[in-house]
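For what it's worth, the numbering used here labels the leading residue of the sequence shown as 922, then goes sequentially.
The block underneath contains the structure these notes are about, expressed in structure tokens.
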Amino acid sequence: MSLLITGATLLDQNGRRGGALRIEDGAITEVGENLESIDGDDLIDASGLVVSPGFVDLHTHLREPGREEAETIETGSRAAALGGYTAVVAMPNTDPTQDCVSVVEFVRRQGQAAGLCDVHPSASITVGRAGTQLTPFAELAAAGVKLFTDDGNGVQDPLLMRRAFEYALGLDVTMAQHCEVERLTGGAVMHEGDCCSHLGLPGWPSLAEELMVHRDIELVRLTGAPAHFLHLSTSRSVELVRMAKADGLPVTAEATPHHISLTDELLRSYSAIYKVNPPLRTMDDVEAVREGLLDGTIDALATDHAPHVSESKEQPLDQAPPGMLGLETALGVAIAHLDTDLATVVGALSWKPAAIAGIGDAHGRPIEAGEPANLTVFDPTEEWEVVPARLASKSRNTPYVGVPLRGKVKHTILNGVPTVKDGVAQK
922 MSLLITGATL LDQNGRRGGA LRIEDGAITE VGENLESIDG DDLIDASGLV VSPGFVDLHT
982 HLREPGREEA ETIETGSRAA ALGGYTAVVA MPNTDPTQDC VSVVEFVRRQ GQAAGLCDVH
1042 PSASITVGRA GTQLTPFAEL AAAGVKLFTD DGNGVQDPLL MRRAFEYALG LDVTMAQHCE
1102 VERLTGGAVM HEGDCCSHLG LPGWPSLAEE LMVHRDIELV RLTGAPAHFL HLSTSRSVEL
1162 VRMAKADGLP VTAEATPHHI SLTDELLRSY SAIYKVNPPL RTMDDVEAVR EGLLDGTIDA
1222 LATDHAPHVS ESKEQPLDQA PPGMLGLETA LGVAIAHLDT DLATVVGALS WKPAAIAGIG
1282 DAHGRPIEAG EPANLTVFDP TEEWEVVPAR LASKSRNTPY VGVPLRGKVK HTILNGVPTV
1342 KDGVAQK
């Protein structure tokens, strides 16, 4: 198959320019200002659109195995493709946990069968995510796992976390930490602050995140192993990472679309649609996280896509599970809420997370001849609103109903083949 994209604005880590590109056998074969169509070309007119390296999500909950009523690898992959993603890292808090090679391989096979985006399983740091015994890192690394995390829980034991970093150093893998000191968050419903006090709800202090960020930065300093901090949400967390990077430590960080666009004030509605982990914070925190993304302190925008069936989110606020959808809305939220150039947004969605995930050889690549054809084509100016019934996810727990978004994916190309064309999934 030969695919010709014409009239586009090409945007990658090498800059922005007008042009066209031809794709054959899964790779980009030609890039130029004007390319002539040949017999057999499948044509995409990208006039007014941007072509970028495909997006990569470092933080996707696909729920399978174990909670297929909320999401499956197929439905989550379809949502990812519609959001412009050519690769996602699947979080390990499944049932059974992704703590052994057999479960990791199951997730990978299901992703390959869906064929909508590359699914890269992460593995848990501890067996069953119980925080007491390390998983077999060497076996899992040999099976292709690059990122280890107990996401949903932070590893509470500092000695165990030190050992995890020490093992990681010898295996060329990265520990990704969910930063939460659980002794400070028991029973918490939302951010601990003025809104929480007014509503009379148990609060989740910023300190619970910041203490673990500080601890792991010092463990990185001690061991020399890399660390990735998941879904940072507070101004002090951002500053701690900024200082660690200034010291030359091998740390990276991500933020979510909801932590750059929503605040704890939304919990005044008592709607569990706004309940997440870590919680929505204050506007001061939102602005600090935005600034962290703009100055490079925070490397990546990761969705923390967390589907839940409707009945679970309709429970009282203190009983409902945390989490919200993110794959299909990430680009629209980012462009609408980050006052920056488009290259910064795309970098945080594409080549930067690809490097952290250890898949930068295939994803987030420059748009040049000879490179893999994993690409996203989007309209950066289109304004739209979410219609939950039209989402590809099996769940509907999106907080963006009625919220104006800007930037819409039109085509997603995986290994040279469109998985989304004209905004419609092809599988």
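Each residue gets a CB set at the ideal place from its N, CA and C atoms; glycine is no exception.
To the nearest angstrom, report how far apart T930 and I959 are at their CA atoms. 21 Å
Given a cut-off of 8 Å on the beta-carbon distance, is the pair G947 and A1227 in contact? no
Apply the 10 Å Cβ neighbour rule to A1167 and answer buried if 16 or more other Cβ atoms are within range, or exposed otherwise. exposed
If you check the beta carbons only, do M1133 and V1162 fall under 8 Å apart? no
For the region 1134-1146 and the region 1083-1103, state whether three or more C-beta atom pairs, one from each stretch, are separated by less than 8 Å. yes
Report the rounded CA-to-CA distance for V1076 versus R1050, giving the unit in angstroms. 8 Å
With distances taken from CA atoms, which of V1322, L1312 and V1345 is nearest A991? L1312
Do H1284 and T1007 have their C-beta atoms within less than 8 Å of each other? yes
Going by beta carbon distance, what residues of the same chain come within less than 6 Å of R1157, once the five residues before and after it are set aside? E1131
If you draw a straight line from the alpha carbon of V1066 to that of V1094, how long is it in whole angstroms? 8 Å
Go through its chain and collect everything with a Cβ distance to L1248's Cβ below 6 Å, but skip five positions before and after it. A1000, A1001, G1004, T1224 and H1226
Taking Cβ positions, are V1210 and L1128 nearer each other than 8 Å? no
Rounded to a whole number of angstroms, what is the C-alpha to C-alpha distance between T927 and P1274? 27 Å
Is H982 closer than 8 Å to M1012 when the C-beta atoms are compared? yes
Who are the Cβ neighbours of E1024 in its own chain at under 6 Å, not counting the five residues just before and after it? Here residue 1024 turns out to be Val, not Glu, going by the sequence shown. The answer, listed in chain order, is P1017.
Cutoff 6 Å; reference Y1321; Cβ partners in own chain excluding five residues on either side: T1250 and V1307
So for M1096, helix, strand or coil by DSSP? strand
Kindly identify the DSSP beta-bridge partner or partners of R1029. R1029 pairs with nothing; no bridge assigned.
Can you have a look at L1080 and say buried or exposed, based on whether 16 or more other CB atoms are within 10 angstroms of its CB? exposed
To the nearest angstrom, how far is the alpha carbon of K1110 from that of R937? The sequence shown places Val at residue 1110, rather than the Lys named in the question. So the alpha carbons of these two residues sit roughly 44 Å apart.
Which partner residues does H1332 have in the DSSP bridge list? V1298
Under the assumption that G1108 contacts P1126 (Cβ atoms under 8 Å), give the Cβ distance between them as a whole number of angstroms. G1108 to P1126, Cβ: 12 Å. No contact.
Under three-state DSSP, which class holds P1339? strand
Would DSSP call I1288 helix, strand or coil? coil
Does the separation of the CB atoms of A1034 and F1069 fall below 8 Å? no
Excluding the 5 residues flanking A1290 on each side, which residues of the same chain have their C-beta closer than 7 Å to its C-beta? I949, T950, E951 and V952
Where the beta strand (DSSP E) containing G939 begins and where it ends: G936 to E945
Would you check if the distance between the CB atom of Q1204 and the CB atom of T1218 is smaller than 8 Å? First, the residue type needs correcting, since residue 1204 is Met and not Gln in the sequence shown. Result no, Cβ atoms of M1204 and T1218 do not sit closer than 8 Å.
Given V956, which residues of its chain have a CB within under 8 Å of its CB, disregarding the five upstream and five downstream residues? Looking at the sequence provided, one finds Leu at residue 956 rather than Val. Excluding positions up to five away in sequence, the list reads L925, T927, A941, L942 and R943.
Starting from the C-beta of C1117, find all residues in its chain whose C-beta is less than 6 Å away, skip the five residues before and the five after it, and write them out in chain order. M1111 and G1124
Quick check on the burial criterion: 16 or more other C-beta atoms within 10 angstroms. Buried or exposed for H1119? exposed
On the three-state DSSP scale, how would you describe G1124? strand
Distance check for V1207 and L875, CA to CA, integer angstroms please. Here the chain has residues from 922 to 1348 only, and residue 875 is not among them.
Assigned exposure category for V1345 - 16 Cβ within 10 Å defines buried: exposed
Whole angstroms are fine: how far does the CA of K1234 sit from the CA of K1348? 29 Å
Return the chain-ordered list of same chain residues with a C-beta closer than 7 Å to the C-beta of F1299, the five sequence neighbours on each side being excluded. L970, V971, G1005, L1252, G1328, K1329, V1330 and K1331
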